[in-house]
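Encoded as C-alpha cells, the structure appears first; notes follow it.
Protein chains in written order, with the numbering used here: chain A, 1 to 466; chain B, 467 to 932.
Set out below in C-alpha cells:
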C-alpha cells in the first residue's frame, strides 16, 4: 500500500475552502469581464526554446521541464541527448505565454487586445511556508500595436478597485508611481546611468527593513559617494504618499517645481496627472488610491506607470495586486512593437495569507449546495426526487439524500456542511400539497405550497443574511 | 528572433472560441453544482510513486514527468540517479488524483462524498488530429464509505440530461447497461471465466466496424469455438436497445426470463430496474435514455451500472459522456473500501469535435462584452468613462474606447467583435441627459434617460434574441 500524499509546495484545499477559493476566482473573473476583457487560456507547457528565450538567473533555474516516459527513455539511451533541453517546459508566469500567444496569433487579434487569463503557473521553489511550486495567477493586460495611449493605464486602478471592493477582504490602497518620473528624478540628481540608478533603487528598497540611517550611511559611503543633501532629497522623495486626489496633484506640482529640467521627469509627471484624472473619472474613491514614489517594481520590465496594492489593516501581507506599463511585450517573437499595461493577482498566495490572517473563514462556511432534500420516508423517495428536480429546474443547487437514515442526522449533516435550507416532504406534506422549509441559518421553519417552493426559496436566497 | 508556436497536441483557442468553450465549462460546472456536488482541484503533478501505483501499459508509457532545472542537472550528474523515476508526474486523468485525495483526506470528508472536478490532464500521445496531449476532463463522482446504495447510480443520467439539455448541442441518448448483467449473461452461456469473457467482449466490441458475419466466423472459429446458437444469442443480446421506459422494463423481463439462473444476471437486472425507476422519478424524459446491452466500458474498472451518451444526429462522434459504478476507488492507498459512481466529459475533445461538425459557431459569435462605450468626442472622455462605470456598477460588461477614432470604425469593431450594444454619449446626449443605445443585433437604436440606462439594458439583455 502506498501512502497517499500531495507533493510539497502545493495548495490543495478541502471542499469548503475550495468553495471560498472558487468564489474569489469567480469574483476576479467577473471583475475582468465587467471591464470588457476577453478570456484566453494557454497550454500548461510551452516549447522550451520558446519559453526560455528571455529569462535567465533565478527564474530559469526554477523552470520545470516535462518529458513523457518515451522521451525520458530516449534521452537516457542516447549519447549526447542529455546535453539538450527537454522539448517542453511548464509556464512560470502568464506573461511569456501571453507574449507568445499575441505574437503567434497577431494577425487574428484586434488591437488594442484586451485579455484576461487565470491559470496556474509553476516554479521549482524550495519548499517553504507560503511559497508555492504551483499557484494561480490572475492576469489582465491590454496590448497595443505600435502604440497604446497612457489612458489605458487608468483602467488598472479602476479594475483593482472594483475587484477588491467585491472580494470584501478589507480596506485597501492602490499605490501608483511612474518609472519615467523615477528615472527623471535620479537624472536630476546626477544619477543618470541606468546601472547606478538600479544600485541606488536596490538600496532604497531596503528603507522599510533597515531604516533611514542605514540608507544615509550607505549612500554617502564608498561605492555610492552621494552628497548628504542628495540623500536627504532621495529620502524625502521616496517617503512621499499622497492623501487624496488634490494632494496627489499637489505632490506632482512639487516634484515638477523641484526638477532640474529632466524631460523624463516631466513626462512621468504628465502621465501620472492624466492617469489620476481618469482614475477619478472612472469613479475610484480617492481614499482607495495614492501616489507612492517608492514603488519601483521589476527594474527591467516596467517603463511607465506602476501599481501596487496593500490592505490597510494588513500591510504585512505586502502587495496583493501589482503591475504596470511596459514598452514591448514580445520583442523576442515578433518585429511588431507591442506596448502594454497590466496587473496580476497571485491568488493562491493571497488566499493562503488571508487564511493565515483569519480573514476568510466566514465565506468558507457556506456551501454551494443551497438546499438539502432529506429522505424522510423511504416510500416517498420518488416524490422527494421529483421535488429535488423541481428545485434544480428552478436554478437552485440541491442535494437529495439517497441513503436514508434518521432525519435528525440528515439535518445535522446539512448544518455542518453549510447547506442553509432543508426541504422536507413527508406524508403530511404530500397530503397537504406543501413542503416544509427549514432555514438552518435563521433557525426558522415554514410551510409553502408545493408549486411555490422555487419562488419562495429564491426570495429567501436573495435576502442577505445579516 | 524565436518563432512563437504552441507545442503540438494542444487546443489553444482564439478569444471568441475561448468564450464559447468557457460557456460550456460554466454550464457543466453549474449542472454539477445544481445536483449538489462540491468542487475540488488537485495539483497538476502528483508524486510519481503515488501516481503510478496502479497503472501499466499504455497509460504509464504516456505519463509526463516534471523535473525542475536543478533536479534535471542533479539527475544528469549522478551515477545511477538516472535509473530512478523523476519525483513528480503530471496527472493523466482525474480518477487517480481523486483516489489519492479521498484517501489522504478521508477523515476530513463527509461520506457519501460528492465532488466534481474540472481540470486539464496530460498524456504523451502521438500527435494526431483530434488527439490531445493536454485536455479538459469534467468529472463528477459520489464516493461511499464501505457501501453506496445503487440509488446513486440514477443520478448520473439525470446530471447528463440536465447538462446536455443546457449545452443545446442537439438531441442525445444516454445509454445504460450493467456489468453484472453482462457477466451473468455470459455465465449463463457457459462463458464464466473472466478472461474468456473479456476476449468475447473485445470481439463483440468490433460489431459496428466489422459486422455480424465477422463475429459469427470469429466466435464459432478456433480459439472461441462457441456454438452457432450461442453466437446468435450474443448477437441478439448486444443489439438490444430499448425504445422507451416501459420497453426498457420489458427488455429486462425478457433477459430474466431467458436466464439459466445466474445470480449476477438477476442482480444486474434488479439494479437496472431500480436505476430506471429513479431516473424516471428524477424527471429525465424517456426519449433521452435507453438500455443498450452492448455498452461495456473499461473491462477492469467498472463493476455495475455503466453509461455512454451519444448525439442522435452525430453518432460518429462516439460517446460524449461516459462513466459507471466501481467497487473500490482507492485500494492502493487505503484499507477503507470506497465504492463510487461517476461520469466524465472530455470537453477539449468534445469541443473540437463539435467545431469540426460546425455545431458551435453560433455561440462563438457573442462576446462576453455586452456594451461598448465609444469615444465620440475627446472632450467628453470623462463623461464616457463615468457612463462606463455606471454600466459596470449595474453588472453590465462594458468596454470603454480609450483611443478614439471615427465612430463608424468603432461601431464596426463592436459588430465584428460580437458586442451587441453600443452606448453613445455625445454633446447632444449630455445636453439632453440621455444615452443613445444601438442594438447591433436587431439593428435598432433608441434613446434612454441617462439614469435609466442600466435598467433599460438589463431588460434588453434578458430578452432572448430569436
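All C-beta atoms, glycine included, are put in the ideal place defined by N, C-alpha and C.
Across the segment 161–186 of chain A, CB contacts with chain B closer than 9 Å involve 162, in sequence order along the chain.
By the CB criterion at 8 Å, residue 387 of chain A and residue 373 of chain A fall inside the cutoff. Residue 637 of chain B and residue 365 of chain A have their C-alpha atoms spaced approximately 39 Å apart. Shown here is that no member of the segment 203–218 of chain A has a Cβ falling below 8 Å from a Cβ of chain B.
Put simply, the segment 495–505 of chain B does not touch the segment 548–564 of chain B. Fewer than three CB pairs are less than 8 Å apart. Under the DSSP assignment, residue 580 of chain B falls in the beta strand (DSSP E) whose first and last residues are 579–588. Straight-line measurement puts the Cα of residue 476 of chain B at about 9 Å from the Cα of residue 44 of chain A. With a cutoff of 8 Å on beta-carbon distance, residue 110 of chain A and residue 889 of chain B are scored as not near each other. DSSP places residue 245 of chain A within a helical segment (H, G or I) once states are collapsed to three. With respect to the C-alpha of residue 187 of chain A, the residue from A:220, A:397, A:440, A:230 having the closest C-alpha is A:230. Sequence-distant partners of residue 303 of chain A (beyond 5 residues in either direction) whose C-beta falls short of 7 Å from its own C-beta, in its chain, are 179, 325, 326, 327. Taking the beta carbon of residue 33 of chain A as reference, the chain B residues within 7 Å of it are 834, 863, listed in sequence order. In the three-state DSSP reduction, residue 864 of chain B falls in the strand class (E or B). Residue environment for residue 465 of chain A: exposed (fewer than 16 other C-beta atoms within 10 angstroms of its C-beta). Scanning its chain for C-beta atoms nearer than 8 Å, with the 5 sequence neighbours on each side dropped, one finds around residue 444 of chain A the residues 438, in chain order. Taking C-beta atoms as the reference points, residue 115 of chain A and residue 153 of chain A fail to come closer than 8 Å. For residue 247 of chain A, the closest C-alpha among the options A:277, A:263, A:336 is that of A:277. Not one beta carbon of chain A lies nearer than 8 Å to the beta carbon of residue 770 of chain B.
Residue range 694–704 is occupied by the alpha helix (DSSP H) that includes residue 701 of chain B. Taking the CA atoms as reference points, residue 864 of chain B sits about 31 Å from residue 457 of chain A.
Listed along chain B, the residues sitting closer than 7 Å to residue 88 of chain A by beta-carbon distance are 473. Burial state of residue 776 of chain B is buried, judged by a 10 Å Cβ sphere holding 16 or more other Cβ atoms. Contact between the segment 669–681 of chain B and the segment 746–754 of chain B is absent: fewer than 3 CB-CB pairs across the two stretches fall below 8 Å.
Put simply, the CB of residue 811 of chain B is far from chain A, with every gap to its CB atoms at 8 Å or more. No Cβ of chain A is located within less than 8 Å of the beta carbon of residue 779 of chain B. Short of 7 Å from the beta carbon of residue 228 of chain A, and not among the five residues preceding or following it, lie these beta carbons of its own chain, in chain order: 220. Within the same chain, Cβ atoms closer than 8 Å to the Cβ of residue 150 of chain A are found at 271, 274, 275, 304, 305, 325, the five residues on either side in sequence being excluded. Neighbours of residue 512 of chain B in chain A, taken as residues whose beta carbon is under 8 Å from its own, are 6, 7 in chain order.
Contact between the segment 795–812 of chain B and the segment 671–684 of chain B is absent: fewer than 3 CB-CB pairs across the two stretches fall below 8 Å. Annotation: Cβ neighbours of residue 70 of chain A in chain B (cutoff 7 Å, chain order): 527, 590. DSSP lists A:175 as the bridge partner or partners of residue 290 of chain A. Excluding its 5 nearest sequence neighbours in each direction, residue 596 of chain B has C-beta neighbours in its own chain below 8 Å: 815, 818, 819, 822, listed in chain order. Neighbourhood of residue 462 of chain A in chain B, by CB distance below 9 Å: empty, with the nearest CB roughly 14 Å away. Between residue 824 of chain B and the set B:562, B:780, B:651, B:640, the nearest pair of CA atoms involves B:780. The DSSP-derived three-state label of residue 326 of chain A is strand.
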